[in-house]
Every structure is written in structure tokens, then in C-alpha cells.
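First comes the structure, then the notes that go with it.
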Amino acid sequence: MISLGPLSFAVPLALAGLLALPALWWLLRAIPPRPRQLRFPPLRLLAGLASSEQSVERTPPWLLVLRLVLATALILGVAQPLWNAGKPLPGSGPLVLIVDDGWAAGADWPARQTVMADLVDRADREGRRIILVSTAPAPGLAEPPPPRLLTASEARDRIAALAPHPWETRRDVAIAALRALPALESMPPGTVVWLSDGLRGGEDGTVAGLVRSLRALGPVRLVLPDPGAAAKVLRVSAVSGETLKVNVAQAGAGTLDAVVQAVDENGRIVARALAVSSDGDAGSPAAELILPAELRNRVARVELASGRTAGSVVLLDARWQRRPVGIAASPGIGAELPLLSPSYYLERALEAGSEVRRGEVAALLDRDLSILIVPDDGITDGISDPGLHRRIDQWVRDGGILLRFAGPGLAMRGNRDDELLPVPLRAGERIHGGAMAWREPARLAPFPAAGPFAGLNLPPDVAIFRQVLAEPALAGPASVWAELDDGTPLVTSRGHAQGRLVLFHVSADPDWSSLPLSGLFVEMLDRIIDLGRGGTGVAGDGPPLAPIRTLDGFGDLGPAPPSARAIPASLFAESAAGSQHPPGLYGSRDRRQALNLPDTLPDPKAIEALPRGVEVAGYAPVPEIDFRPWLLGLALTLIVIDLAASLALRGLLPVGRRSRMPRTAGSVVLVFAVATAAPAWAQQAIADGTAVPEALVTSLAYVDTGNAERDAISRRGLAGLTAIVNRRTAVELGEPVRIDLATDELIFYPFIYWPLSADATMPSDAALRRLRAYMASGGTVLVDTGAGRRGDTPAADLRHLARALDLPPLAPVPEDHVLGRAYYLLSAFPGRFAGGQVWVERSGDRLHDGVSGIVAGGNDWASAWALDANLRPMFAVVPGGERQREMAYRFGVNLVMYVLTGNYKADQVHLPAILERLGR
Amino acid sequence: MSTHRLSSDIFHRAEAAGAELPPLLVAAERVAATVSQGVHGRRRVGPGETFWQYRRYQHGDPMQRIDWRMSARSRHVFVRQTEWEAAQSVWLWRDASPSMDYCSRACWPRKSDRANLLLLALASLLARGGEHVALVGDDRGPAPGRTALKRLTAVLMRRAQSMDSVPPPVALPRFASLVIIGDLLTPLDQVAAMVGRFVAQGVRGHLLQVLDPAEETLPFSGRVRFVGTEGEGEAVIGRVERVRPAYAAAMAAHRAGLNRIARAGGWTFAQHHTSRPAQSALLALYLALSAQS
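Chains as they are written, first to last, in this note's numbering: chain E, 27 to 946; chain Y, 3 to 295.
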């Protein structure tokens, strides 16, 4: 085998044939092709002329060139040229294989193993020994395993057993150990291949310096991953309200397009977001994961969807979750009269999104708690005991939030001996309405924009009958979060060291106000709970934290290896993930603390400039290209052309009918073209003939909103619903169809799903006109704002839409509506969110068999229906439970039945009367 | 079976080609010895069935000729004369040598096909005109009508190629008409000998040269080895395009020689290319046969 750069010849002897080319040239020139032979009757007339024109004929130059090319192609083809065929390893000593098996290698480990196996195979062929050096510390040790001289089979076993470790490499130590290897002294220089992770090291020395020190062992080849495939570091930077801010750091300045996802304990994706940066973007791109309060506690980890390593997984422990809320209650109080107990209303308001604990204050404070709610039950508020008072004070100073409610007890005591109030209070309460008062009950004023309640809707029916009043002169640093329409405070708050004191100036039961009965109460408590800080740290005097589950090098959580050691509780906050403490969850089952690798990783940086003479390669397998079939194929083609040309020159081809030749050739070309293009035409015909297939199969349709993600959810959702409907009912639906309101024919679809989120663009007037015609002809549109409970009242754009579509007035679905009984008996229509109101055309209009042309709501049904490729639900439902998903499917089945069968189930209303008549 | 279909096919095509011309009348003066009864009035007194004229009885007239009814009307005796109705026998010959089996393009017929077609078309015309036709070299003599035509077709189809490029030296009756269709590419002296022999017999003849256009224009180029069709050998020509003018001159000289030979014997000469419709050649033959009257 000889090589010319990346080109090599497997059978170089055949190249000697090229020497014969000049001889061939001469030979071909000397022997002209035989002339064309023609039968010709008037030969006698020609015979006399022939002698004068007999001349020596040469082979035409083009034929000569053709045949020389043919011969060259044949010779080269036999010589079998190979592009990128593996070159022999330089040197004669051992092959030194240095592998970065730290956290950054996890993203494309199989590629590394392939390259390693390839190199070992080659070394085996050449009879070299192999030194395998892995640069990450061995589990449980501070240093990488010592290098050893291996045979090829030993090396193969070692390579198969190698796996990336979820910690940083120690290249300096590994290479120092390699240099110190005594076996190397007696060996001639070999070759060094470094399979690097492409990242500049931290404190373990620069790559350039290490490479320079490796020169003595032979020429160095550095294998780097592609710039885009280098490992990325994911960091959770901030949590505010419903958003979780995430930063993705990558080495070098390249385009980044990473999907960040939040995953729950069971591996289900709770939320996804896209982190995008373009070239030259400074800093690391951020993504915001939207996590409703109900979902946040479920998130177990935040990770990159692809290219996962231990550095791109952040485990979330209790510190990130919404913490438990404690409601102080005296034993025995309210047990027999729940409706008179303030804690009853608090529990009902909080149960949707938080873990609520109830008990005595001392017991509550023994455990982890973020908010302590102390209602005033009229007898004792449980915190007047001085010892307990001090403990609560200390707890608030450490970052707790104390939420108190007024009540008879507080009104009686006033400010006396109570430091845990945001404002000084006047003794006694103020009564706004009632039999003995002239005044009407007070109403709420709009919430101040600066407070936590900003933006909440004020229901008109909340009335305040009594309140405790603050001393206006001594208000001090307290801030008013909510006030009544006469300017007196309703909710006041004051920061207290790291914590906060909040006081509702009304009681938590409906005695003083109707606030606890309204939805506003729930939302206000939600907002206050959102203020709750992440978790408290570990108590310094606790037991050592033992590893429970740890990450491996690929970012997967598994049982902790025996080498992982427990961390003393006092050191946990400062400890970094490493070979002795792999990243993962530490502590006990019920108090888990996450040790995350990205917290201590430096921002990844690309490898600096390398010294001269270092060969740089990539992990992508360089495909070996064998030119032999191409060259031999070319030679074969040329042989056919030469044959045709020779025949033509000899007149054995029908050249007399010259006019026919192009036509024949053209028809051959045409036949080829038709043969190859025919499938494309067929597909074209199906794609264009939309009317035919759609008209034959009943399908659900969804509106193309232009938002690819939204459309994918719609498609998957309708596919999931189609599967359910086909399985459970006699309806046989086809694949869901995406339609464009502006162009597609709508008349084939009984039902169109239209996700109309707040950021959706309104379709054009022409499209709306088509939609109106569709609804007028009996179609039904399911408009889904996807806003959940917040969209209880139709939003402004929905009103605009209703006007544009010339809709009749909409009304909430009445209790006896057919939609609730078309197939299943349903009383609510949940989707991904539960409890949102669903609107239909007001009944009584008997047009179209009583089928409403529009069904509107915000429960985000498609997300609840959507199944992924493994037929598992794609999104968690809120507040949750498989029963809610089942109900969502039942709503979908009912809706399909409703649009397909009309009001026929409405006759069921008369069923009792019919049965009665039959029985009579 | 296939031969039969082929023959009926060419027969019909020939009939169709001939249908476009009026029935051919062949003048037959000075050929009394060779004529036999035909359907055409010769506009003169002679043997026939149609009344022609009354004539005063002359001495020597046979008694049976006297028309007694006419004679009774007047003082003289009249004989009844009929119109002379006679047919001429026309001898046909076409070249069946291998040189006729040639066409330079598939869209043109072979020369032999065209010659057969012309011959049958002419025979069809003649048969409709009541003439007797016969093939030179055929044992049976001239015969009238469609039966003769069918017989002719069968003979044409059955007969394989022969190497004769000119008609064989057969004895034809005096004053017969002879039509020779072929490429007439044989040396001029052979043609002259053949024509001289027939002229000596008192036969009037027509020469029709059927050529492929390629034989006229030599449309080839480059180095070509030309092979004769009848064993003339071969000729290699380096650049055919160069000899094209010389060839055209040679062909013109040959044709002039043929013309001269025909003129010398009182014959006519015409030329036909297979690229032209057969009707044009048929018309030329018709004119030539009519002009003899």
C-alpha cells in the first residue's frame, strides 16, 4: 500500500500499467478503426473514383482520448485507490491512548469508544503495545488510575469497561504518572493519541503545556469534539414566581440551540424551553421555564434534552420547592365545628398547591417550614407564650414568613406584648356594617402595583364587615399590600431580618368578611406562598449526609456507588462534587440535599492554541472512500461508449437514419426520467388532491397557528383523542389534519380545534369569513385559550373574535347540556387545567340541530390529550391525577359525539317521561 | 399463407395506384398480327360486334355480310360492317436482381418493392383497358382481365431473386410493347445489346430507371467501404464527400447513355426515385404508352 496524502492505493503494482499508456497511444494512433461498411448498388460508378481518394486514415483524436481515459480508469481502478484509508501509526513504540473521561465526555462517549477501538485494532495489526491513560480520578480516589502497558486484548477489555465519570479530570496528574512509567524508558518513541473533551482544563494545567511534555513519547494527535458538540454546563440561576431561569454555558462562541427541560421524579417532562444564542453572543444564553405553582414541587431535575452530561443536569431538592405551609391550631378547637374554624378555610384555600401541615406551633417549627400561618381562633392564637414567642421570632429572623390573621383575640389584646405584628394595632375592631351600623360593609380598593397582589382581579362581591385598625402614626417601615376603599389597610407586611411578618386585618373565617369565601382569597394566599424562600440549608449539627442516589457520567441518576462517601453536614454547603462525592442526592429519604456538579464547575472554555506539529482530528468517523467501483464503473461506461462509437464508425449502427438517433436517445432519456420521476409524481398527486382523501375519512382538524410547538401539541393531542375515540366508540376517525383557515377547504371536518393563546395572531378577515361560513354550515370550532382558570371570563381578544365571527351570545355550559351527556355523563370539562369555565352558544337556538357552532374554554385540552411516541402522556395535568386526564378524554369523546350526532342525546332528557309512559 | 396475404396486399396497393388514372388505351396500329379481340373500338372497320357502317356491296364481299333489310330499302345492296375491336399485348419486366434490394432509409421503400408496385399498377391499368399483359420470361402468353393480373401477382411474389439485370433474350411477337423497370445500373453496352435485340424484333419499349435517392446524391461522408450487391467487389473511399461531384457526373453520364440508347431504338426512357410517389412514375409510363398511338 502506498499513500499520497489521504489517498492511498491498495494494489500499487497495478499502477505500473500506467507506463504502458504511451505505447497504447502509439498503437491506437497507428491502427485506425475499420471504416464504415455500406452496401451500395451503383458500385461500378464509384469504383473508378475510389483509387483517387484512398488515404491513410488516423484514429480520430476524440476516440484516442476516450480510449486512453478508459485505459487509465481501468488501471487506476485495479490499483484500488482509497481516500482516508488509515495510515500506519508513526513510530515503532507503544500507542499511548489518553482519554478524557471526565464529566464532559458523557455527551458523545460511544464515538470515543469507537475511535479507541479503531486505534487499538490498528495497533494490534502493527503489533504495538498500548498504554491507556484515563485522566479522570478513579471513583473514591483523588488520582486517576495509574497507566499500564497493555496488550491489545487487555486494552479492549479496559476500553469496554471505561465510562465517563461525573467529575472533573486531573490531566496533570495522569500525564505525570504516564511520564513516570518505568516501562517507557526502554521503548522507542511510539505515537500519542489524546481523545480530549475539547475543554480547557481548570487547575490541572494547560493542554498546550501537557502536549508539549508528551512530545517525547512520539508525535501527538489531539482528537477534539465538534465545536457544537462540546459539553455544556447548565445552571439554574434564579427562581421568581412561576419562572425558573436557566443558563447554558458552552465552550467557544458558536451557535447554541439547546432545549432545556424540567423533569419530574418519574422522568415525565413537566416543562420545556429553548435556549438560543447566535454567533458572537456574549455570555451564556438563558431560558425561562414556566412552572405553575402546582408543577414546581414535582420538578426533580432540570436538564438539557440532548447531549446530556453530569454537567448539564441540575437536581432540585427541597430548597427549590415550595415549602410546606404550617397552620397553627390548638388541639381540640374546631374539630366538631369545622365551618366555624378559621383553619378550615385556610386549608381549603391552600390544598391545591402546597403541602399543608396542621398542628401546634412548636411541633410545626420542629420540621422544615417556609410559612407559618397563625389564625386567630378567638381564644388563643397560640403564640402568646413567651418561650414560643421567642422561638417564632428567631425563626422569622432566619427567613420564615409569619402570616397572621386578625380575630377577636387580637382585637382584644391589641398590640400588647406582641412583637410579631407588622404594624402597631389599635385595640378593638372596627365594624363596617350590620344591624346597628349605618354604614355599608367596606369594599376592597384595587391592589397597589408594588405589592405582591398586583394584577389580581377584584371580585365585586367581597365585603369586609370588621377589621382591626393600625395606628396610623406609628406605621413605621410596614408596607400596605391591600387596603379598603376608605384607605384603611387590609393586609400589611413588614420585613423582619431575613423573614417577613404579614397580617391580614380580618379573620380567616367568614365571620369578619366574605373574603375567605372568595376565589380572591386563594389567589392572595398563593401569592404570599410564592414569597416563601427556598429551603433552609442543612443544619450544621445534623448527621453526615450519606449519598442516596448519584449521577453517572451520562447524567443519569442511579444508586450510589460504594466509593461515594458521606459528607459531614457542616461541610455540605461548601463541598464540591468530585470523585469522592459524586453529584447526586445526599441525606436521608425525607430530607434530601442535592449536590450538583455545575455549581462548582468553571465556565467551559475551548482548548487554547496548540503547539505546532500537533495533528488535530475530530471524533466523527472519517469514512474511507474506495474509488475502485467508481473507476471500474467509469471504465465500463467508457467501454460501452467506445463500442457504440466503433460501431458507428463502422456503420453498424443505423447512422444512415441520422435524424432518428437524437430521437432515440431522447426517448431513452425520457423513459429514464419518467421511470425515476414517476413516484414523485404520484406523491405529488396525493399531496395536491387534498379533497379526495379527506372527504373519504372523518378526521379531526386543528388550526395551523404558525407556532410549530403549539401545532405539534395540537396534532399529538388530536391524535391521542382520535385513538381514544376509535377505541371506545363506534366512530372511526382518520389521522388528524392540519388546516390553514385562509386556504384549506374546511367543509370536510366536523370539528376544528383552534388553540388561541394570548400571543396568537388573529387570522385575516378572509379566514374569519370562511370560518363563519363553516360554522353557519353546521361545523363546530373548539376555541382553546389554554389560559386555565385565569381565563374564566372571556378575554378581550375572544370578544373581538366573537364579533368578527358574528357569534350569538355565549353562555357557560348549562348543567343539562348535551355536551355533558353525549357519551359519558360529565359535570366538568377539564383539560390540562381543571375548573375553567366552558362556553357554548346559548341554547334555545335550534339552528343546526342545537349543536353549538363554537365551544370555547381555556383548559388546554390538547395538552391533556397529547401522547408521545411511546403512547405516554406528554404533559402533566394540573392539579393532577389520572382521573383528570381520563375526564379530559371523556370530554373529548363527548365533544366528538356531540358534533357528530347533534342533539340526539338531548332526548334523554325526556327519558323518565317516556319510561313512565311505557310502564303505564 | 403469408405469401398469399403479401401478394393480395401488393395487388390491392397496385390497384389503388392505378385507379387514379383513366383506363389506359394502348394504340395498336401496325400490330394486327399480334392483336386478338378486345373490347375497345378502334374507330375503324374491322372484326367486332358493334355496328360501324353500311357499305355498298363490292365484288368479293362474302354473301353473309349482306344486310338484307337495308338492301331492301334501296336499289343497292349493302353490306354491314362492324367496328374493329382489338387488344394489344404488353410485355412487362422488372429487375429482380440483388441490387434492387436496397433502400438507404427505412422510410423509403426498397427499389424492388417500388418496381413491383409500378409493374402491377401498370398491369392493372392495362387490364382495365382490356389489354393483354404478360411477364417477360413467363411461360404463359398474354392474357386479359383481372385473372391475368392475379396470375401476374402470384408470379411476381413467387419468383425469387434472379441475377438478371436486363431482360433475358426471349422472342417477343412483333409490334408488342415492352416495359422494362429496373435500376439499369448495368454497363451501357449490355443495355444497348438488349435494346438492340428487341428493336430487331420490332418491339417497342419503355425503360424506367428506379433509383434510391442515395444512389443519386451519395449522401455519405468520411471513410466508407462500399460493397457491391452483385459481387462487383468493394471500394474503400477515404472521404466520400470529396468524390460526390465526380460521382454525380458519372451518374449523369450513365443516364445520358441510357437515354441515348432508348432514343436510338425509338424507345422512351424515364427515371423514378423511390422517394417520390409511385403515381408520378405511373403517369410517365402512361404518357409513354399513350404517345405510341
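No residue lacks a Cβ here, since even glycine has one placed at the ideal position from N, Cα and C.
Query: Closer than 7 Å at the beta carbon, the chain E residues around Y:T185; Result: The sequence given here places Asp at residue 185 of chain Y; Thr does not occur at that position. Under the 7 Å cutoff, chain E gives P67.
Query: Residues that E:P61 contacts on chain Y, provided the C-beta gap is smaller than 7 Å; Result: R225, V226, R227 and V238
Query: Straight-line gap, Y:L128 to Y:D141 (C-alpha atoms, nearest Å); Result: 20 Å
Query: N-terminal and C-terminal residue of the alpha helix (DSSP H) that E:T806 is part of; Result: Taken as a continuous stretch (DSSP letters only), E:T806 belongs to no alpha helix (DSSP H), being part of the beta strand (DSSP E) at T806 to D810.
Query: Of the listed residues E:L673, E:N110 and E:A288, nearest to E:E650 (C-alpha basis); Result: E:N110
Query: Those runs of the alpha helix (DSSP H) which lie wholly inside the region 147–177 of chain Y and span at least 4 residues; Result: 147–160
Query: Collapsed DSSP secondary structure at E:F580 in the structure displayed; Result: coil
Query: Candidates E:R764, E:G743, E:Y850 and E:D668: closest to E:R754 by CA position; Result: E:Y850
Query: Residue burial classification, E:L941 (beta-carbon count within 10 angstroms, cutoff 16); Result: exposed
Query: Local Cβ density within 10 Å of E:L722, reported as buried at 16 or more and exposed below that; Result: exposed
Query: Test item: CB-CB of E:L71 and Y:Y288 under 9 Å; Result: no
Query: Other residues of its chain near Y:A286: CB distance less than 6 Å, five sequence neighbours each side excluded; Result: A272
Query: Proximity of Y:W93 and Y:L180 at Cβ, strictly below 9 Å; Result: yes
Query: Sub-9 Å separation of Y:I183 and Y:A117 beta-carbons; Result: yes
Query: Helix, strand or coil at E:H522 [DSSP, three-state]; Result: strand
Query: Residue range of the beta strand (DSSP E) that includes E:F431; Result: I427 to F431
Query: Close Cβ partners of E:A711 (< 6 Å) along its chain, the five nearest in sequence each way excluded; Result: At E:A711 the pLDDT is 37, less than 50, meaning the model places this residue with poor confidence and gives no usable figure here.
Query: Stretch-stretch touch, CB-based, cutoff 8 Å, three pairs: the region 219–226 of chain Y with the region 187–205 of chain Y; Result: no
Query: DSSP bridge partner residues for Y:G48 (one or two, in chain order); Result: According to DSSP, which records beta bridges pairwise, Y:G48 is partnered with nothing at all.
Query: Contacts around E:V517, its chain only, beta-carbon distance under 6 Å, and the 5 residues preceding and following it disregarded; Result: W507, A508 and F530
Query: Contact residues within the region 47–64 of chain Y, judged by C-beta distance below 7 Å to chain E; Result: none
Query: CA-to-CA distance, E:P448 to E:A592, given in whole angstroms; Result: 43 Å
Query: Chain E contact for Y:M102 (CB, 9 Å cutoff); Result: yes
Query: Residue nearest to Y:L124 in terms of C-alpha spacing, selected from Y:S73, Y:L154 and Y:P169; Result: Y:L154
Query: Min CB distance Y:F1 to chain E below 9 Å; Result: This structure cannot speak to residue 1 of chain Y, because chain Y is shown only from 3 to 295.
Query: The region 857–868 of chain E in contact with the region 826–841 of chain E per 3-pair CB rule at 8 Å; Result: yes
Query: Contact list for E:A73 against chain Y, beta-carbon separation under 8 Å; Result: E234, G235 and A237
Query: Cβ-based burial, E:S160 [other Cβ within 10 Å; buried from 16]; Result: buried
Query: Cα-Cα separation, E:L236 to E:L225; Result: 14 Å
Query: Beta carbon proximity, Y:E133 to chain E, threshold 9 Å; Result: no
Query: Residues near E:T716 in its chain [Cβ-Cβ closer than 6 Å; skip 5 each side]; Result: With a pLDDT of 49 at E:T716, under the threshold of 50, the predicted position of this residue should be treated as unreliable, though the coordinate-derived value follows. Excluding residues within five positions, none has a Cβ falling inside 6 Å.
Query: Three-state secondary structure assigned by DSSP to E:L944; Result: helix
Query: Identity of the residues DSSP links to Y:H208 by a beta bridge; Result: Y:V181 and Y:T270
Query: Of the listed residues E:P87, E:G31, E:L210 and E:L30, nearest to E:P58 (C-alpha basis); Result: E:P87
Query: Separation of E:R60 from E:L675, as counted between CA atoms; Result: 7 Å
Query: E:W656 and E:G103 closer than 9 Å at C-beta; Result: yes
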